[in-house]
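Q: Its first residue numbered 1, the sequence shown is counted upward by one per residue in the UniProt record's numbering.
Cβ coordinates follow ideal geometry from the N, Cα and C atoms, glycine included.
Before I ask anything, let me first share the structure, which is written out below as C-alpha cells.
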Amino acid sequence: MRDTGRALPLSVLDHKEKTMADAARAARLADRIKVIVAQALERRVKDPRLGFVTITDARVTNDLQHATLYYTVYGSEEEQENTKKALESAKGILRSEVGKNITARLTPTLTFVPDEVPVNAYHLEDLLKKTRERDAELAAASAGAQYAGEADPYKKPEQTEAAED
C-alpha cells in the first residue's frame with residue numbers, strides 16, 4: 001500500500017481505537033466472568049454430578065455477546081462426562097449470576113469447553129521422558145564404541161616438505 005501523504009479520516013481512527021478498547025474490555029470482562037462462574041460453581045450449584053472442576057480460562061467476543069469458558073476435571077472419563085452434563089444443566093444459573101455481577105448491557109451466553117491443555121502437556125511430558133530414556137540408551141551403547149575409520153574423517157590438504165621450507 002502506497003503512502004499518499006493524506007491522513008486517515010477521523011471515522012477510521014475512531015473505529016481502530018474503539019476496536020482496541022473493545023478487545024481490552026472483553027479481556028477484563030472475561031477475567032471477571034471466570035471468577036464469577038468459579039465462585040458460583042463452588043457456592044450455588046449443588047449438582048452431585050459436578051466433580052472437581054476448575055475453570056482455567058475464559059474468553060469473550062469483542063461484542064461482549066458470547067463467553068467461552070474452558071474447564072478441567074480431575075477424575076475418570078465418566079466423571080468428566082458427568083461434569084460436562086452438570087455444567088450444561090447449570091448454565092442458566094451461572095448466566096444469571098454473571099448478569100447480576102457485571103455491568104454490561106447484555107449478559108453474554110456461556111459455552112463450556114473442556115480444556116485440552118493439561119492432556120496435551122501430559123502427552124508432551126510422556127514423549128520427552130521416552131526421548132530422554134532413548135538418549136540414555138544411545139549414550140550407554142556409544143560409551144565403548146570406536147570409530148570405524150580414522151578419528152578425524154575429514155580430508156586435510158597435503159603438506160609437502162618444499163612448502164614448509
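Using only alpha-carbon positions, find the residue among 27, 55 and 105 that is nearest to residue 40.
A: Against the sequence shown, residue 40 aligns to sequence position 40. If we check each option's Cα against that of residue 40, 55 comes out closest.
Q: Going straight from the alpha carbon of residue 139 to that of residue 117, what length do you get?
A: Working through the sequence shown from its first residue, we reach residue 139 at position 139. Working through the sequence shown from its first residue, we reach residue 117 at position 117. Residue 139 and residue 117: Cα-Cα distance of roughly 32 Å.
Q: Looking at C-alpha atoms only, which residue of 79, 23, 24 and 42 is the closest neighbour of residue 93?
A: By 1-based counting over the sequence shown, the position of residue 93 is 93. Of 79, 23, 24 and 42, the residue nearest in Cα terms is 42.
Q: Give me the Cα-Cα distance between residue 50 and residue 135, rounded to the nearest whole angstrom.
A: As a first step, residue 50 is located in the sequence shown; it is residue number 50 there, counting from the start. As a first step, residue 135 is located in the sequence shown; it is residue number 135 there, counting from the start. Cα to Cα, residue 50 sits roughly 43 Å from residue 135.
Q: State the start and end residues of the unbroken beta strand (DSSP E) segment that holds residue 57.
A: Here residue 57 is taken as the residue at index 57 of the sequence shown, counted from 1. Here the beta strand (DSSP E) through residue 57 covers 52-60.
Q: Is the number of C-beta pairs between the segment 104-112 and the segment 57-74 that are closer than 8 Å three or more?
A: Judged by Cβ distances under 8 Å, the segment 104-112 makes contact with the segment 57-74, as three or more pairs qualify.
Q: From what residue to what residue does the beta strand (DSSP E) around residue 71 run?
A: Residue 71 sits at position 71 when you count from the first residue of the sequence shown. 66-74 is the extent of the beta strand (DSSP E) around residue 71.
Q: Three or more beta-carbon pairs under 8 Å between the segment 28-36 and the segment 64-76, yes or no?
A: yes
Q: Run through DSSP, which three-state label would residue 109 get?
A: Against the sequence shown, residue 109 aligns to sequence position 109. The answer is strand: DSSP assigns residue 109 an E or B state.
Q: Can you grab the Cα-Cα spacing for the pair residue 102 / residue 44, in whole Å?
A: Here residue 102 is taken as the residue at index 102 of the sequence shown, counted from 1. Here residue 44 is taken as the residue at index 44 of the sequence shown, counted from 1. The alpha-carbon atoms of residue 102 and residue 44 are separated by roughly 17 Å.
Q: Using only the alpha-carbon positions, how far apart do residue 141 and residue 126 sit?
A: For the purposes of this step, residue 141 is taken as residue 141 along the sequence shown, with counting starting at 1. For the purposes of this step, residue 126 is taken as residue 126 along the sequence shown, with counting starting at 1. Distance between the alpha carbons of residue 141 and residue 126: 23 Å.
Q: Based on the DSSP output, what are the partners of residue 166 in its beta bridges?
A: As shown, the chain starts at 1 and ends at 165. That puts residue 166 outside it, with no answer to give.
Q: May I ask you to report which of helix, strand or coil DSSP gives residue 22?
A: Position 22 of the sequence shown, counted from the start, is the residue given in the question as residue 22. In the structure shown, residue 22 sits in a helix (DSSP, three-state: H, G or I).
Q: Helix, strand or coil for residue 92 per DSSP?
A: The residue you call residue 92 lines up with position 92 of the sequence shown. Three-state DSSP puts residue 92 in a helix.
Q: Given a cut-off of 8 Å on the beta-carbon distance, is the pair residue 115 and residue 47 in contact?
A: The residue you call residue 115 lines up with position 115 of the sequence shown. The residue you call residue 47 lines up with position 47 of the sequence shown. Not a contact, by the Cβ cut-off of 8 Å.
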